[in-house]
Structures are given as structure tokens and as C-alpha cells.
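Numbering (the working numbering), first residue to last: 7 to 103. Where is the CB? At the ideal position from N, CA and C, for every residue including glycine. Take a look at the structure set out below.
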């Protein structure tokens, strides 16, 4: 589901929106070796905004991005941006009311 990286994606509702998160990381997968962790929120995949789509859309972003890297496009690199919700919650708690 995560474009061959070894990720399972899920969705979580947030107010009136939902976010795509890493539901699980396969053992011995590329995602595990990159340090990707369950519960992280997917922010962007290869520059594509993942915060305005669902898990199926983000899976398509991952698949396309991995194919481009394997075909030698994108300079052989892939940029993934995640948000760790634990850090986000701590920052919100420290935010002045």
C-alpha cells in the first residue's frame, strides 16, 4: 500500500478533516530501515501535498514516486515528509492559551 516501501497507511479524523498516517511498518522493509514509524502523519510525498487527500491518494503518490526513483528519474532520491503526532501534541500543550 505504501508504494513498495513496506508501509500500511490509515486515516484519522481531525476536526472536519482527516489525515493519512502510517498504520504499520513491515519488518525488514525499506520504511523500517529509513526509520519511519507507525502513527506518523504523512505530510508530503515527493513534493505532493498529502494533507489534502485520503490514504488511497497517498498510496498512489508513494507508488508513483518509487517508480520514478527506480526508473532513474528524480535524481535517484525521494523526499518524504512526516509529522510525529507526539511532538505535535507536546507543542500544542506548551502553546499559550
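Boundaries (first-last residue) of the beta strand (DSSP E) holding residue i
{"i": "residue 29", "result": "23-31"}
{"i": "residue 50", "result": "47-51"}
{"i": "residue 86", "result": "86-89"}
Residue i in three-state terms, based on DSSP
{"i": "residue 17", "result": "strand"}
{"i": "residue 65", "result": "helix"}
{"i": "residue 56", "result": "coil"}
Own chain partners of residue i with C-beta closer than 6 angstroms, once the 5 adjacent residues on each side are dropped
{"i": "residue 32", "result": "12"}
{"i": "residue 89", "result": "47, 49"}
Residues near residue i by beta carbon distance below 8 angstroms, same chain, minus five either side
{"i": "residue 81", "result": "none"}
Same chain, Cβ closer than 7 angstroms to residue i, five either side skipped, listed in chain order
{"i": "residue 86", "result": "51"}
{"i": "residue 54", "result": "67"}
For residue i, the first and last residue of its enclosing alpha helix (DSSP H)
{"i": "residue 35", "result": "Here residue 35 belongs to no alpha helix (DSSP H), and DSSP marks it neither H nor E."}
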